[in-house]
Amino acid sequence: MSDITKQSLSELVENIKGKKLSSSEVTKAFVERSEKSKELNAYITEDYVNALNKAKKFDEKPNLDLKLPGIPMAVKDLFCTKDLRTTAGSKILNNFVPTYESTVTQNIWNEGAILIGKLNCDEFAMGSSNETSFFGNVQNPIDKNLVPGGSSGGSSSAVAAQLTPITIGTDTGGSIRQPASFTGTVGLKPTYGSCSRYGIVAFASSLDQAGPMAQNVKDCALLQEIISTYDEKDSTSIDFKRNVYSKELTKDIKGKKIGIPKEYRVDGMPKEIEDLWKKGIEYAKDCGAEIIDISLPHTNYALPTYYIVAPAEASSNLARYDGVKYGFRAEGENLIDMYEKTRSEGFGAEVQRRIMIGTYVLSSGYYDAYYLKAQKVRKLIKNDFDDAYKKVDAILTPSTPSSAFKIGEKTNDPVSMYLNDIFTVPVNLAGLPGISIPAGHDAKGYPLGLQIIGKAFDEQNILNIAYAMEEKIDFKNNITDWWIK
Amino acid sequence: MSIDLKTIKHISKLSRISVDEKKAEKLAGDLNSIFDFIEKLNELKTDNVEPLTSVAETTLKLRSDEVKSKNLRDQVIKNSPKENEDYFVVPKVIE
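Just so you know, the sequences run in chain order G and E.
First residue of the first sequence: 338, per the numbering used here; consecutive thereafter.
First residue of the second sequence: 964, per the numbering used here; consecutive thereafter.
Here it is as structure tokens:
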């Protein structure tokens, strides 16, 4: 079957369960396509030989009751995988081989999936274009020299290019939803506390969440129900009643109240984005939803708040990289010199910049003016959402203020790069779930996404709205395989 | 506000990241443009606002005080860049 990699996750699962395809056939197809797609640079570490062996083993004694029976899957290289190098896109972890497995990936393997490799990402997930990775740029399969978004850029590229049927990313300020939007794929950032952070390389612990990235909403719902579990190894994991998201998925969203926040109409937003949003509103109405204008008055303060909170937490989390316990070490004349050289040579420019910002805002004399202030504004941003959710069930916005941009276009101006996350960051600050679905194309033919934001723990509702709208939108990704010679 | 080279040197020391003159100048430029952007927060009055420290509105769960993983020494030391039997090795600290 030459078209194996064109099948959705749900189709592959069905075909394996119906014994029309074996795990070996499916795994081989994705491995072969991945091998032909090196130019995308989506992988940091490949594990093809092991994957094919595991598939063979699976086929010898297939357990077809599992939810992902013998399904090959590549994952973002921010998840620790036992005995397979995990770099977080950084030189400082270039040789790090975890001796333990992240809870989220363990949940996936427990359902029968097979790891085929680790996907490229911005260094320590700090970036919006995958250009800060020590392992180089990732190409967006949509067009040559186009960024795939970030930080989960290898993940979005790999799903859109069908190198893996589905994947997982992490989202601290938009790192799942923005790359999904840039590549015409679906990406869900769950509620904070839904997916365990155990074994995920930490960036900003009060914001980080893992989530699924998929070709369609149904696949996304299936993976979410697998990865979201209560985990006592993560003290912020929340023990709430989780839905069986794929089973409970419905297109019936009649009477759902969907809010349109006027503050998301930002200055200088391209008309294409405005038009996409209007179209989205029409689609939602067609599905029977009721549209309600709402206000999230502190939206404009979300990015400045984020650029205090996230670097502050990062500077603290990344203090562990000292060249002593694991990872890269540069030799120095004494202990302090060794620390300083290790961190200077081991971290890239963006990571150093954020550590410096974080250290500064937490330093003596500045803590109240910056960090405490940001925590207070974060409260105001969360209050905005709490107020809005007294009137509506979900909120509809664009995912990003533009379509994908060219590699190198924004690397010299950190602030213009940060502006990419203007619609996604407030969701992380408030700890809410948000999903990006592909909803149209711009004049260049590049995909554009719409974001649906839910109440905390209400993933089922936003998945349902996304599922209903997906059918109306009927989006088709226009990928020509230009990178395959 | 303006972050000068002296401040950059101070932060680099606190961050344990060595910076030379050229890198310090680049960082000063970047940080100044980022902090100009952050200054926007001062438009807001927040005197009576409670800071949000965690979005997860739950109290920490208690667990029984049991050892669940043991004999991890080899695993802990496995990735160290330099080791000597059971220890991490660092440059000499005490003269």
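Backbone N, C-alpha and C fix where the C-beta goes; we use that ideal spot for every residue, glycine too.
Continuous alpha helix (DSSP H) stretch holding residue i: start and end
i         : result
Val1039/E : Arg1036 to Lys1041
Pro763/G  : Val762 to Ala767
Lys678/G  : Leu672 to Gly683
Glu807/G  : Glu796 to Ile810
Terminal residues of the beta strand (DSSP E) in which residue i lies
i        : result
Met410/G : Pro409 to Lys413
Asp508/G : Thr504 to Asp508
Gln546/G : Gln546 to Ala551
Leu405/G : Where Leu405/G is concerned, there is no enclosing beta strand (DSSP E), given that its DSSP letter is neither H nor E.
Glu600/G : No beta strand (DSSP E) holds Glu600/G; DSSP gives it neither H nor E.
Thr526/G : For the record, residue 526/G in the displayed sequence is Lys; it is not Thr. Per DSSP, Lys526/G belongs to the beta strand (DSSP E) from Val523 to Lys526.
Glu627/G : Glu627 to Ile631
Proximal residues of chain A, C-beta to C-beta of residue i below 8 Å
i        : result
Asp993/E : Included in the structure are the protein chains G and E, with no chain A among them.
Proximity test, Cβ basis, 8 Å: residue i and chain E
i        : result
Gly702/G : no
Met338/G : Residue placement at Met338/G is flagged as unreliable, the pLDDT there being 48, under the threshold of 50; the coordinate-derived value follows with that caveat. Taking Cβ atoms only, chain E never reaches closer than 8 Å to Met338/G, which makes this a no.
Glu348/G : no
Ser681/G : yes
Thr520/G : no
Arg666/G : yes
Arg657/G : no
Tyr582/G : no
Pro641/G : yes
Met463/G : no
Glu796/G : no
Proximity test, residue i beta-carbon vs the ligand ADP heavy atom, cut-off 7 Å
i        : result
Ser542/G : Among the components modelled here there is no ligand, and therefore nothing to report on the ligand ADP.
Below-8 Å beta-carbon distance, residue i vs any chain G residue
i         : result
Ser1027/E : no
Ser978/E  : yes
Ile1001/E : yes
Leu968/E  : no
Asp1045/E : Correcting the residue identity first, residue 1045/E is Lys in this sequence and not Asp. True, the Cβ-Cβ gap to chain G drops below 8 Å.
Thr1009/E : yes
Ser1017/E : yes
Ser965/E  : no
Beta-carbon neighbours of residue i, restricted to chain E and to distances below 9 Å
i        : result
Phe395/G : The contacting residues do not exist; Phe395/G stays about 27 Å from chain E at best.
Asn671/G : Pro1054, Lys1055 and Val1056
Leu633/G : Here the premise fails: no neighbours, minimum Cβ distance about 14 Å.
Neighbouring residues, chain G, relative to residue i (Cβ below 7 Å)
i         : result
Val1030/E : Here the premise fails: no neighbours, minimum Cβ distance about 14 Å.
Glu1013/E : Lys716
Thr1021/E : Ile575
Top-ranked residue by Cα proximity to residue i, from the options
i         : options                                      : result
Asn823/G  : Lys1031/E, Thr1016/E, Gly992/E and Glu1013/E : As shown, chain G starts at 338 and ends at 822. That puts residue 823/G outside it, with no answer to give.
Ser753/G  : Gly605/G, Ser632/G and Asp659/G              : Gly605/G
Ile1001/E : Pro641/G, Glu682/G and Asp659/G              : Pro641/G
Arg370/G  : Ser359/G, Tyr385/G and Leu358/G              : Tyr385/G
Pro775/G  : Tyr644/G, Ile610/G and Asn637/G              : Ile610/G
Glu362/G  : Ala767/G, Ile408/G, Lys375/G and Ala725/G    : Ile408/G
Tyr726/G  : Tyr755/G, Leu633/G and Asn400/G              : Leu633/G
Pro784/G  : Tyr529/G, Lys413/G, Pro478/G and Ser518/G    : Ser518/G
Chain E contact residues for residue i, given Cβ-Cβ distances below 8 Å
i        : result
Phe433/G : Asn1042
Ser652/G : Ser978
Ala711/G : Leu1004
Beta-carbon neighbours of residue i, restricted to chain G and to distances below 8 Å
i        : result
Glu988/E : Here the premise fails: no neighbours, minimum Cβ distance about 13 Å.
Under 9 Å from the C-beta of residue i: neighbouring residues of chain G
i        : result
Ser996/E : Asp750, Pro751 and Val752
Contacts of residue i in chain E (Cβ-Cβ under 7 Å)
i        : result
Ala767/G : Val1018
Original post:
Does the stretch 426-435 of chain G come close enough to the stretch 444-456 of chain G to have 3 or more Cβ pairs within less than 8 Å?
Top reply: no
**OP:** Pair every Cβ in the stretch 584-604 of chain G with every Cβ in the stretch 786-805 of chain G, then say whether three or more of these pairs are closer than 8 Å.
**Re:** yes
Subject >> Three CB pairs or more closer than 8 Å across the stretch 570-578 of chain G and the stretch 547-555 of chain G >> reply: no
**OP:** Please confirm if the stretch 763-771 of chain G is in contact with the stretch 781-795 of chain G, defined as three or more CB-CB distances below 8 Å between the two stretches.
**Re:** yes
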